[in-house]
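Undergrad: The letter at position 2 of the sequence shown is residue 109 when you use my numbering, and the numbering goes up by one with no holes.
Even for Gly, the Cβ is constructed at its ideal location relative to N, Cα and C.
Sharing a structure below in structure tokens format, with a few things to ask.
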Amino acid sequence: MNNINTLKKLTQTTFDSVEGYRKAIDKAESPALKSAFERRLNSREETLTKLNNALAGRGEDRIDSASVSGTAHQTFFSIADAFSDSNEAAIERVEEGEDYLAEQFRDVLKDDAEMDQSIKMVIEQAYEEVREGERFTDMLEKQYA
108 MNNINTLKKL TQTTFDSVEG YRKAIDKAES PALKSAFERR LNSREETLTK
158 LNNALAGRGE DRIDSASVSG TAHQTFFSIA DAFSDSNEAA IERVEEGEDY
208 LAEQFRDVLK DDAEMDQSIK MVIEQAYEEV REGERFTDML EKQYA
């Protein structure tokens, strides 16, 4: 996969996760959980902006709409359904989405031999925030389990 397509794919998946957090905030009943999701949303939106800026800086269009394909990252879109079950189920869905997103970044960074260094740096910075998302879900599991 070429550098631009890789960047587009990661940006798209990151956008989908932003939408997932927005839905989670809308559906959360617990004020504390809603607040926690809002903090993660803010961080994820910053990451999305950085990825989109990298695309725009290379003459590409910004990603500003959710994808219609994909499998595991659609987990973020099932968050709304999960809230009808319990906070625990919703946290599990968010965790699945975070795990999927992190896996996408890890896979790209593992196979980075021919990646443009400026794109690699943007992806590595974004991956740091994605890893924070994984730690966030671990914290939520401990708090709400």
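Would you call Ala233 buried or exposed, if buried means 16 or more other Cβ atoms sit within 10 Å of its Cβ?
TA: In the sequence shown, the residue the question calls residue 233 occupies position 126. With at least 16 other beta carbons inside 10 angstroms of its own, Ala233 counts as buried.
Undergrad: Going by CA-CA distance only, name the one from Asp133, Glu203 and Glu239 that's closest to Glu153.
TA: Here the question's residue 153 lines up with position 46 in the sequence shown. Of the listed residues, the one whose Cα sits closest to Glu153 is Glu239.
Undergrad: Would you mind stating whether Asn229 and Ala161 have Cβ atoms separated by less than 8 angstroms?
TA: One-based indexing of the sequence shown puts residue 229 at position 122. One-based indexing of the sequence shown puts residue 161 at position 54. Here residue 229 turns out to be Val, not Asn, going by the sequence shown. Yes. Within cutoff.
Undergrad: Is the beta carbon of Phe122 sitting closer than 8 angstroms to the one on Ile132?
TA: Residue 122 sits at position 15 when you count from the first residue of the sequence shown. Residue 132 sits at position 25 when you count from the first residue of the sequence shown. Cβ distance not < 8 angstroms, so Phe122 and Ile132 don't count as in contact.
Undergrad: Compare the C-alpha of Gly166 against each of Leu114, Leu148, Thr244 and Glu221 and name the closest.
TA: The residue given as residue 166 occupies position 59 in the sequence shown. Nearest C-alpha to Gly166: Leu114.
Undergrad: Hey, out of Gln250, Leu158 and Asp218, whose CA is closest to Glu235's CA?
TA: In the sequence shown, the residue the question calls residue 235 occupies position 128. It is Leu158 whose Cα lies nearest to the Cα of Glu235.
Undergrad: Going by DSSP in three states, Arg165 sits in which element: helix, strand or coil?
TA: In the sequence shown, counting from the first residue as 1, residue 165 sits at position 58. In this structure, DSSP gives Arg165 a state outside helix and strand, which the three-state scheme calls coil.
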